[in-house]
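Below is one structure; the comments refer to it alone.
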Amino acid sequence: MMMEGVEGDAAAVAAAPRYVLNPARISSEDILFCVDVDAESLVEMKATGPGGRPFARLDAIKQSLLLFVHSKLAINPDHRFAFATLSKSAAWLRKEFSSDVESAAAAIRSLSATSACGHADLTQLFRIAAHEAKKSRMQNRIFRVILIYCTNGQLTKSFSLWMSSTSTTSLDQIIARSRSMMPSSMRLNT
């Protein structure tokens, strides 16, 4: 198959200007990960890990967090991370925001599932987020909460409403559940 144009036009193509991404300041972020540690996070996924070993949701979450932290720091080494867990309520796992990769990796490795907790109370997470958002704003930083959960699909309805009322905080929700367990309103139609 011939390309459009005349043979020997390679020099013209090579001389064409390349797309250049102009440098832009990327805002520094304080990112609070809140990870659901309900027993449901130990449910095995369809995918398997190295050597065919069963792969639990919590394993996938940990790997994803490590990749995310490394990627964010490659983009802007001034991003900072803190970690909380969610069972019956939110609790700090590592309270100090830091851009230290080893500190983040240690916090991620320390994540472990607890017993079944049922419906989680997000009141403490609201308080933590409101307090930390104020501190971040005073430092001219963006504050983001990334909530990763495996249990009740309605868990974040009230949190989403609360977050939409504040312009200083961003909420990202990640649901680690099998498709069949998700409410139909949350499924992608593929």
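Take the position in the sequence shown, starting the count at 1, then add 730; the result is the number in this note's numbering.
Just so it is clear, CB atoms sit at the ideal spot from N, CA and C, and this is done for glycine as well.
Since this is a predicted model, take the numbers as computed values, not measurements.
Which residues does DSSP pair with residue i in a beta bridge?
{"i": "S828", "result": "F811"}
{"i": "A922", "result": "What the structure shows of the chain is the stretch from 731 to 920, and residue 922 is not part of that stretch, so it cannot be assessed."}
{"i": "P747", "result": "P747 is not bridged to any residue."}
What are the start and end residues of the beta strand (DSSP E) that includes residue i?
{"i": "D789", "result": "Counting along the chain, D789 falls outside any beta strand (DSSP E), though it belongs to the alpha helix (DSSP H) covering R787 to I805."}
{"i": "T778", "result": "E774 to T778"}
{"i": "C764", "result": "E759 to D766"}
When the distance is taken between beta carbons, is residue j closer than 8 angstroms to residue i?
{"i": "A777", "j": "S845", "result": "no"}
{"i": "A814", "j": "C880", "result": "no"}
{"i": "V875", "j": "L762", "result": "yes"}
{"i": "H800", "j": "S829", "result": "no"}
{"i": "L823", "j": "K792", "result": "no"}
If you follow the alpha helix (DSSP H) that residue i is in, where does it begin and where does it stop?
{"i": "L855", "result": "T853 to M868"}
Return the CA-CA distance between residue i and residue j, expressed in angstroms with no decimal places.
{"i": "C928", "j": "L855", "result": "Outside the displayed range of the chain (731 to 920) lies residue 928, so it cannot be described from this structure."}
{"i": "R748", "j": "G781", "result": "43 angstroms"}
{"i": "R839", "j": "S833", "result": "10 angstroms"}
{"i": "R783", "j": "S771", "result": "16 angstroms"}
{"i": "I878", "j": "D766", "result": "6 angstroms"}
{"i": "I756", "j": "E774", "result": "37 angstroms"}
{"i": "A837", "j": "V750", "result": "38 angstroms"}
{"i": "R871", "j": "A860", "result": "14 angstroms"}
{"i": "I858", "j": "A804", "result": "27 angstroms"}
{"i": "G779", "j": "F811", "result": "27 angstroms"}
{"i": "F827", "j": "R867", "result": "14 angstroms"}
{"i": "K825", "j": "P807", "result": "19 angstroms"}
{"i": "D760", "j": "F873", "result": "5 angstroms"}
{"i": "K865", "j": "A843", "result": "30 angstroms"}
{"i": "N752", "j": "A863", "result": "30 angstroms"}
{"i": "A835", "j": "Q869", "result": "25 angstroms"}
{"i": "S915", "j": "S758", "result": "Confidence in S915 is poor, its pLDDT being 43 and thus under 50, which makes the residue's placement too unreliable to answer from."}
Handout entry: Given 8 angstroms, three or more beta-carbon pairs between the segment 793-804 and the segment 847-861
Key = no
Exercise for the section: Kindly confirm or deny that the segment 784-792 and the segment 818-833 touch, where touching means at least three C-beta pairs closer than 8 angstroms. Expected result: no
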